Amino acid sequence: GAVVSQHPSWVICKSGTSVKIECRSLDFQATTMFWYRQFPKQSLMLMATSNEGSKATYEQGVEKDKFLINHASLTLSTLTVTSAHPEDSSFYICSANLLAGLYNEQFFGPGTRLTVL
Amino acid sequence: AQSVTQLGSHVSVSEGALVLLRCNYSSSVPPYLFWYVQYPNQGLQLLLKYTTGATLVKGINGFEAEFKKSETSFHLTKPSAHMSDAAEYFCAVSDWGAGNMLTFGGGTRLMVKP
C-alpha cells in the first residue's frame, strides 16, 4: 500500500532556532501534499497545500514566512518552522495525495511532535 | 464551504457493545466522506470512505458507515466493541474538485471499558 513517512518523528529545540520536517511518499508520486497541525486533544487543522514545483497555498491565519514549505520533488515536501517559539509546539502531520485516474486518496504520515523549549 | 460536526467528543462503551459515532456534514457539492482513526502519537489511518454508489460502506476492523443524504449524516458503527478500538476517530469531508483537501470534524475519543 501507499506509505508516507515523516522525519523526524519527534524533535526538541530551543526557542529561536529553525526546525525542518520532511514528508516523503515512499512508493508513489504526489504532486500535492498537505501539512496539518494538531494541538493536544484537538482535531487536525490544515496549514497549507504543497504543490510540486510551485508555491504552497497557505490557509488563512498561517504565517507563510514562519512556516516555510518546499515541494521540490514528487516524493518530498518539507516544512521548516523558522524562529520557533514555545507556542509552535505541536504535532505536525503531513499527507500525500495519490491521484491515478479515478483513484484519489490521501495518505497520512505518522506525524512529528515538535517541542520548543 | 464545507464543515463537519461530530456529536460527542467522548464516547464510552463496554467491550462487546455497539459502537456509534455520529457525524454530520454540510457541503455545497456532493460530498466525499471519510472516517479516520488515530492512535496516540500516530498519524491517521483510513477506516472507510464514501464516494459514490452504495450508501452503506464497510471498512476495516469491522466498522461500517451509512451515508444519509437527507440527514446529511455519515455515522460510524461497529456491532461489537473491542478493547483495541479505543482511539480517536475523525470524520472528514472533501470536494473531489478541490484536490482532495479534507475538512475534519472535531474528533471523538472512543473509550472501551472491560
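Keeping their order, the protein sequence lines are chains A and B.
When we follow our numbering, the leftmost residue of the first sequence carries the number 1, and every step to the right adds one.
When we follow our numbering, the leftmost residue of the second sequence carries the number 1001, and every step to the right adds one.
Virtual Cβ for every residue (Gly too), placed ideally from N, Cα, C.
The structure displayed is predicted, hence computed values, not measured ones.
What is the residue span of the beta strand (DSSP E) that residue 1096/B lies within?
-> Note, residue 1096/B: premise wrong, no beta strand (DSSP E); not H, not E.
Straight-line gap, residue 1001/B to residue 1072/B (C-alpha atoms, nearest Å) = 15 angstroms
Does any C-beta atom of chain A lie closer than 7 angstroms to the C-beta of residue 1042/B?
-> yes
Please state whether DSSP places residue 1083/B in a helix, a strand or coil.
-> helix
Separation of residue 1080/B from residue 67/A, as counted between CA atoms = 43 angstroms
With which residues is residue 1013/B paired in a DSSP beta bridge?
-> 1112/B
Residue 110/A to residue 1046/B span [Cα, whole Å] = 13 angstroms
Leaving out five residues before and five after residue 1058/B in sequence, what residues of the same chain have Cβ atoms less than 8 angstroms from its Cβ?
-> 1048, 1064
Which residues, taken in chain order from the segment 1014-1046 of chain B, show a beta carbon closer than 9 angstroms to some beta carbon of chain A?
-> 1032, 1034, 1036, 1038, 1041, 1042, 1043, 1044, 1045, 1046
If we call anything under 7 angstroms between Cβ atoms a contact, is residue 1004/B one with residue 1093/B?
-> yes
Which residues in chain B sit within 8 angstroms of residue 113/A, going by Cβ to Cβ distance?
-> 1041
Would you report the Cα separation of residue 1113/B and residue 1085/B, rounded to the nearest angstrom?
-> 11 angstroms
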